[in-house]
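Structure record follows, encoded as structure tokens.
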Amino acid sequence: MIHKPRLFLKPTTDSDLDFVLKNEQLAAEAGYVALWTKKQHEEALTRNETIHRIVTRLEDGASVGYLIANRDSNDNLELMRLVIAEKKKGYGRETIDLVKELAFNTLKVNRLWLDVRVHNQYATAMYLDMGFVIEGTLRNCVKLTDQYMSIHVMSILKSEYLA
Numbered sequence: 010m011i012h013k014p015r016l017f018l019k020p021t022t023d024s025d026l027d028f029v030l031k032n033e034q035l036a037a038e039a040g041y042v043a044l045w046t047k048k049q050h051e052e053a054l055t056r057n058e059t060i061h062r063i064v065t066r067l068e069d070g071a072s073v074g075y076l077i078a079n080r081d082s083n084d085n086l087e088l089m090r091l092v093i094a095e096k097k098k099g100y101g102r103e104t105i106d107l108v109k110e111l112a113f114n115t116l117k118v119n120r121l122w123l124d125v126r127v128h129n130q131y132a133t134a135m136y137l138d139m140g141f142v143i144e145g146t147l148r149n150c151v152k153l154t155d156q157y158m159s160i161h162v163m164s165i166l167k168s169e170y171l172a
């Protein structure tokens, strides 16, 4: 099991989906993620290339967030979604450390990438601080209600992680 001082990642089960859906709704309302249905999450739990994990506090086993990542045949791991329920405690940063360890040490991928909505400046700054680079910006590519939003595509390579 990969863990950090306070957190570990456990496989998501059907019994975790109420927690996932509740926190995804809150993140979507803030404009940070797109909503999935319960069925989409259930299907993701069965796909070999998809990693669906609950971010769990080591101390008491409490769920503090979740993530979804997809591995492709080109040795890339896309962090599709990261939602942390308990904000401003450093759990997001610690989770990214766990994801990098999973990506580069366990799965042996060459590239870990994600996209982040441009208005989420806190997350963008954290990813930059953690070694990710902005590869580009997709302008007005996400529609939320009647507004369009831009996203940054960010990545870190195995060689950068190991440096």
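Residue numbers (my numbering): 10 to 172. All C-beta atoms in this analysis are idealised placements derived from N, C-alpha and C, irrespective of residue type, glycine included.
Quiz item: What are the residues that DSSP puts in a beta bridge with Leu121?
Solution: By one-based count along the sequence shown, residue 121 stands at place 112. Beta bridge pairing from DSSP links Leu121 with Leu86, Ile165.
Exercise. Would you decide whether Thr46 is buried or exposed? Buried here means 16 or more other CB atoms lie within 10 Å of its CB.
Key: Mapped onto the sequence shown, residue 46 falls at position 37. Result: exposed.
Quiz prompt | Boundaries (first-last residue) of the beta strand (DSSP E) holding Arg62 | solution = Sequence index remark: in the sequence shown, residue 62 carries index 53 (1-based). For Arg62, the enclosing beta strand (DSSP E) covers residues 59 to 66.
Quiz item: According to DSSP, is His50 helix, strand or coil?
Solution: On the sequence shown, position 41 is the one that residue 50 refers to. Assigned with DSSP and collapsed to three states, His50 falls in helix.
Quiz item: Exposed or buried, Lys48, counting other C-beta atoms within 10 Å across all chains shown (16 or more means buried)?
Solution: Position 39 of the sequence shown holds residue 48. Lys48 should be labelled exposed.
Quiz item: Secondary structure at Glu38, three-state DSSP: helix, strand or coil?
Solution: Taking the first residue of the sequence shown as 1, we reach residue 38 at position 29. Glu38: helix per DSSP, three-state reduction.
Quiz item: Where DSSP assigns a beta bridge to Asn79, which residues make up the other side?
Solution: Your numbering for residue 79 matches position 70 in the sequence shown. BP columns for Asn79 point to Thr59, Glu87.
Quiz item: Can you name, in chain order, every residue of its own chain whose Cβ lies under 6 Å from the Cβ of Asp124, other than the five neighbours on each side?
Solution: On the sequence shown, position 115 is the one that residue 124 refers to. Scanning its chain for C-beta atoms nearer than 6 Å, with the 5 sequence neighbours on each side dropped, one finds around Asp124 the residues Ile160, Val162, in chain order.
Quiz item: When we look at the beta-carbon of Gly101 and count the other beta-carbons within 10 Å, is it buried (16 or more) or exposed?
Solution: Here the question's residue 101 lines up with position 92 in the sequence shown. By the neighbour-count rule (16 or more Cβ atoms within 10 Å), Gly101 is buried.
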